[in-house]
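Peer 1: Below you'll find the structure I mean.
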């Protein structure tokens, strides 16, 4: 009985999810069905009847849909939960189950999640389990190349993304924008605002002002600016706007001549546009 209920709910979930691209309101319906299916699934998995190839395929389909719904909603915790169930179905039962068409997309998003949380060791362990032919998939190859270029310190084109709909994109972009900003303040006492807008791949002056406000808070909270002479006044904030320039007031760090503007630009030219992963 539970098995029939599971199959019925799974079919309904798949049908409703197919309508999500045209109407995002269907995501809420998907969530309700996912909760219902999880309750049913807990009962079904206690039965030996469930341990058949057909039921394993249905279970994989459910957790794939669960993963995709979480990705649509930027629900990281939900995605982690769903993927934890998918992982053995993708790898431990690969001798029983045909490869899923959704596998490469979900794996690539999980790999991006690992990169966004700086879990590089987990990423490499996963790569050891991914078959060589799958590593040639465009989406998986993208993350592999992304990791390689990040290890080389090539930061720039990462910020060329223009779709912030995915949480992992935003986390990775913010991390590397901060790294570029840190490199600038270590290299210069001041820079022209137009140059900073271009270097940080911001759209306009308002985005730069918003970034400066965020970055000043970020540096203060990190505690790296708390020198003995540091006072919380307008003359001591890390990045200060003056006329058409930004003055870097991080006196706790000795200014370096390198990386020069040319070397900084060189670090900005390699990463492929993140939106290719979509």
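Residue numbers (the numbering used here): 2 to 279. Backbone N, C-alpha and C define an ideal beta-carbon position, used for all residues, glycine too.
Given a threshold of 16 other Cβ atoms within 10 Å of its Cβ, counted over all protein chains shown, does residue 253 qualify as buried or as exposed?
Peer 2: Summary for residue 253: the model assigns pLDDT 48, below 50, so the residue's position carries little reliability, and this model does not support an answer.
Peer 1: Would you check if there are 3 or more beta carbon pairs closer than 8 Å linking the segment 126-135 to the segment 188-208?
Peer 2: Touching, no, given that fewer than three Cβ pairs across the two stretches are closer than 8 Å.
Peer 1: Using alpha carbons as the reference points, say which of 105, 176 and 78 lies closest to residue 117.
Peer 2: For residue 117, the nearest C-alpha among the options comes from 176.
Peer 1: From 97, 102, 75 and 67, pick the residue whose C-alpha is nearest to that of residue 85; which is it?
Peer 2: When only C-alpha atoms are compared, the closest one is 67.
Peer 1: Alpha carbon to alpha carbon, what distance is there between residue 169 and residue 15?
Peer 2: Approximately 25 Å, taken between the alpha carbons.
Peer 1: Should residue 106 be labelled buried (16 or more other beta-carbon atoms within 10 Å of its own) or exposed?
Peer 2: Flag for residue 106 reads buried.
Peer 1: Verify whether the separation of the beta carbon atoms of residue 32 and residue 61 is less than 8 Å.
Peer 2: Contact: no.
Peer 1: Use the C-beta contact count for residue 121: other C-beta atoms within 10 angstroms, 16 or more gives buried, fewer gives exposed.
Peer 2: Its Cβ having fewer than 16 others within 10 Å, residue 121 is exposed.
Peer 1: Could you round the C-beta distance between residue 59 and residue 90 to whole angstroms and report it? I think they count as a contact, below 8 Å.
Peer 2: That pair is no contact at about 11 Å.
Peer 1: Under 6 Å Cβ to Cβ from residue 138, same chain only, skipping five residues before and after it: list those, please.
Peer 2: 105.
Peer 1: Just to confirm before moving on: does the CB-CB distance between residue 42 and residue 17 stay below 8 Å?
Peer 2: Cβ distance not < 8 Å, so residue 42 and residue 17 don't count as in contact.
Peer 1: Roughly how far, in whole angstroms, is the beta-carbon of residue 73 from the beta-carbon of residue 21, given that I think they are within contact range, below 8 Å?
Peer 2: Sure, about 6 Å apart at Cβ, within 8 Å.
Peer 1: Considering just the uninterrupted stretch of the alpha helix (DSSP H) at residue 64, what are its terminal residues?
Peer 2: First-last of the alpha helix (DSSP H) with residue 64: 54-73.
Peer 1: Please report the straight-line C-alpha distance between residue 216 and residue 238, rounded to a whole angstrom.
Peer 2: Each residue's Cα considered, the two are about 10 Å apart.
Peer 1: In angstroms, rounded to a whole number, what distance separates the CA positions of residue 226 and residue 180?
Peer 2: Low confidence applies here, because residue 226 scores a pLDDT of 45, under 50, leaving its location unreliable; read the following figure in that light. Whole-angstrom Cα-Cα distance: 16 Å.
Peer 1: Using DSSP bridges, identify the partner residues of residue 202.
Peer 2: In DSSP, residue 202 forms no bridge with anything.
Peer 1: Please list the terminal residues of the continuous beta strand (DSSP E) segment that includes residue 190.
Peer 2: Here residue 190 belongs to no beta strand (DSSP E), and DSSP marks it neither H nor E.
Peer 1: So, residue 178 versus residue 201, is the Cβ gap smaller than 8 Å?
Peer 2: Yes. Within cutoff.
Peer 1: Is it buried or exposed, residue 97, if we count other Cβ atoms within 10 angstroms and call 16 or more buried?
Peer 2: Flag for residue 97 reads exposed.
Peer 1: Keeping to the same chain, check which residues put their C-beta closer than 7 Å to that of residue 13; ignore five residues upstream and five downstream.
Peer 2: Same-chain partners within the cutoff: 34.
Peer 1: Please classify residue 131: does DSSP put it in a helix, a strand, or coil?
Peer 2: Of the three classes helix, strand and coil, the one that applies to residue 131 here is coil, per DSSP.
Peer 1: Compute the Euclidean distance between the alpha carbons of residue 5 and residue 55, then round it to the nearest angstrom.
Peer 2: Roughly 13 Å between the two C-alpha positions.
Peer 1: Which one of 124, 145, 212 and 70 has the shortest CA to CA distance from residue 25?
Peer 2: If we check each option's Cα against that of residue 25, 70 comes out closest.
Peer 1: Since residue 141 and residue 108 should fall inside the 8 Å C-beta cutoff, what is the C-beta to C-beta distance between them, to a whole number of angstroms?
Peer 2: That pair is a contact at about 6 Å.
Peer 1: In three-state terms, what does DSSP make of residue 19?
Peer 2: Note: residue 19 maps to coil in three-state DSSP.
Peer 1: Assign residue 9 to one of two classes, buried (16 or more other C-beta atoms within 10 Å of its C-beta) or exposed (fewer than that).
Peer 2: With fewer than 16 other Cβ atoms within 10 Å, it is exposed.
Peer 1: Measuring CA to CA, which of 182, 63 and 53 is closest to residue 203?
Peer 2: Among 182, 63 and 53, the Cα nearest to that of residue 203 belongs to 182.
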